[in-house]
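Under my numbering, the residues of the sequence shown are numbered 363 to 464, in order.
No residue lacks a Cβ here, since even glycine has one placed at the ideal position from N, Cα and C.
Shown next, in structure tokens, is the structure this report addresses.
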Amino acid sequence: MENSLMVKPTISRAAFWDVDFDQIDFQEKDLFVMEKVPNYGTWDDFINVIRFYGVNRFKKRIIFAAYLKKDVLNFICVAFDLHINDFKSYTRRQSQNQPWNF
């Protein structure tokens, strides 16, 4: 049986400045990777993550991301035919108390 740390997408370390890239379990931490790469990685990294996990798995998991930049969220909605209200990061952002407007 292959070590799951050995099986990984062909991506740069750009999005993973804050963690030990070599210790990421890309199967177990798929949502972590799917969240970090669109937000902070390169376009090639994003394409390779989609290839690695597959479109269906990406669509099923990405909606649970805790944080997606607004432009990334909008792009993913359009590119993968998803609705913005399906995303945890969007509904959480909408439920936060807004500051008073003077």
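- The Cβ-Cβ distance between N401 and V440 does not fall below 7 Å.
- Remark: C-beta atoms of A377 and V399 approach each other more closely than 7 Å.
- If you draw a straight line from the Cα of R413 to the Cα of Y452, it is about 25 Å long.
- Taking 7 Å as the cut-off, the Cβ atoms of I425 and D448 count as close.
- Here D407 is buried, its C-beta having at least 16 other C-beta atoms within 10 Å.
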